[in-house]
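Novice: Dropping a structure here in structure tokens format, bear with me for questions.
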Amino acid sequence: MRESQAHRKERARAIIDRLLVEFPDAVSELTFTNPVQCLVATILSAQCTDARVNQVTPALFERFPTVQDFAEAPVDELENLIRSTGFFRSKASHIITSCQAIVDRFDGTVPSSMAALVELDGVGRKTANCVLGNAFGQPAVMVDTHVKRLTWRMGLTRHTNPDVIEQDIRSLLPESLWLPGTHALILHGRAVCKARKPRCATCSIRMHCPQIDVRASK
Ligand code: SF4
Numbered sequence: 001m002r003e004s005q006a007h008r009k010e011r012a013r014a015i016i017d018r019l020l021v022e023f024p025d026a027v028s029e030l031t032f033t034n035p036v037q038c039l040v041a042t043i044l045s046a047q048c049t050d051a052r053v054n055q056v057t058p059a060l061f062e063r064f065p066t067v068q069d070f071a072e073a074p075v076d077e078l079e080n081l082i083r084s085t086g087f088f089r090s091k092a093s094h095i096i097t098s099c100q101a102i103v104d105r106f107d108g109t110v111p112s113s114m115a116a117l118v119e120l121d122g123v124g125r126k127t128a129n130c131v132l133g134n135a136f137g138q139p140a141v142m143v144d145t146h147v148k149r150l151t152w153r154m155g156l157t158r159h160t161n162p163d164v165i166e167q168d169i170r171s172l173l174p175e176s177l178w179l180p181g182t183h184a185l186i187l188h189g190r191a192v193c194k195a196r197k198p199r200c201a202t203c204s205i206r207m208h209c210p211q212i213d214v215r216a217s218k
């Protein structure tokens with residue numbers, strides 16, 4: 001039987017409430033101290049672990065402390081500093097051109113709106129949501145690989161397009177839970193609801209997850 005939106009909302013709320021008991025301080029694991037560092041670290045985190053990014057950024061942020069510094073960065077030097085995060089050529093290009101645009105169009109200040117952020121080179125909604133939520137404290141829904149997988153498994157979306165999943169999550173949860181809720185989903189995805197072998201037997205939200213019925217009937 002098709003689940004009603006009201007029931008799905010109740011279930012989503014119960015899932016996030018439970019996960020926030022387990023991960024009460026769920027925040028981004030990227031290390032940064034200001035919006036431009038958040039933007040750069042988020043660009044570097046594409047197809048890379050946060051831990052790896054955090055190994056690279058201390059030297060990077062010391063060498064290029066401001067938006068202006070990134071905008072004027074020698075590309076070879078920047079590529080070398082971020083090489084271990086993978087896709088370093090395109091990431092270096094995105095960092096430099098984004099920061100040039102911030103200098104030219106936003107007076108050197110990272111913009112704090114979705115519309116402006118997605119105009120920057122290499123910045124899609126996921127990166128923009130990370131910056132809005134983590135650097136500016138705005139309500140934001142970050143759909144990374146974990147959120148995508150978990151919301152599908154939990155039956156909170158029927159879609160695979162991250163932008164549509166983002167809208168589904170927005171419709172299911174109150175604004176105040178968007179940011180902590182997605183951080184908690186990410187942590188649950190890393191620790192329990194893993195891509196290859198989800199630990200359903202010990203999962204704390206199994207009573208809210210349709211995967212349990214699916215597995216039991218196999
Ligand atoms: S019951 Fe299994 S599939 Fe469902 S959220 Fe938990 S680990 Fe993931």
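Counting in the working numbering, the sequence shown runs from 1 upward without gaps. Ideal Cβ placement from N, Cα and C applies to all residues, glycine included. Bear in mind that the values here come from a model prediction, so they are computed numbers and not experimental data.
Would you tell me roughly how many angstroms separate the C-alpha atoms of M1 and D17, rounded to the nearest one?
Specialist: Their Cα atoms are separated by approximately 25 Å.
Novice: Are there 16 or more other CB atoms within 10 angstroms of the CB of H188, so buried, or fewer, so exposed?
Specialist: Under this definition H188 is a buried residue.
Novice: Assuming A184 contacts L20 (C-beta within less than 8 Å), just tell me the rounded distance between them.
Specialist: Right, the Cβ-Cβ distance comes to about 5 Å (below 8 Å), so this counts as a contact.
Novice: Enumerate in chain order the residues of its own chain whose CB-to-CB distance from D104 is below 7 Å, with the five nearest sequence positions on each side excluded.
Specialist: For D104, where only same-chain residues beyond five positions count, there are no Cβ hits under 7 Å.
Novice: Is any non-hydrogen atom of ligand 1 found closer than 7 Å to the C-beta of Q211, if you look at the structure I gave you?
Specialist: Flag set: Cβ of Q211 near ligand 1.
Novice: Where does K218 sit, in a helix, a strand or coil, going by DSSP?
Specialist: Since pLDDT at K218 reaches only 47, below the 50 mark, its modelled position is unreliable, and the value read off the structure follows with that caveat. DSSP places K218 in coil when its eight states are reduced to three.
Novice: Give the secondary structure of H159 by DSSP, where H, G and I count as helix, E and B as strand, and everything else as coil.
Specialist: Three-state DSSP puts H159 in coil, outside helix and strand.
Novice: Which same chain residues end up closer than 7 Å to T127 when comparing Cβ atoms and leaving out the 5 residues on each side of it in sequence?
Specialist: Cβ within range, chain order: T42, I43.
Novice: For P210, which residues of its own chain have a beta-carbon under 6 Å away from its beta-carbon, when the five flanking residues on both sides are left out?
Specialist: Only G155 meet the Cβ criterion.
Novice: Q55: which of L81, P65, E72, T66 sits nearest, CA to CA?
Specialist: Comparing Cα positions, the closest option is L81.
Novice: Would you call the CB atoms of I165 and V131 closer than 8 Å?
Specialist: It is not a contact, given that the beta carbons lie outside the stated cut-off.
Novice: Please report how far the alpha carbon of L177 lies from the alpha carbon of T151, in whole angstroms.
Specialist: For L177 and T151, the distance between alpha carbons rounds to 15 Å.
Novice: Return the chain-ordered list of same chain residues with a C-beta closer than 6 Å to the C-beta of M114, the five sequence neighbours on each side being excluded.
Specialist: Here the set comprises A128.
Novice: Would you mind stating whether Q100 and A135 have Cβ atoms separated by less than 8 Å?
Specialist: Not closer than 8 Å, so no.
Novice: Suppose you measure from the CA of T202 to the CA of V147; what does that come to, to the nearest Å?
Specialist: Approximately 19 Å, taken between the alpha carbons.
Novice: Is it true that the CB of V40 sits closer than 8 Å to the CB of I96?
Specialist: No; because the gap between Cβ atoms is not below 8 Å, this pair is not in contact.
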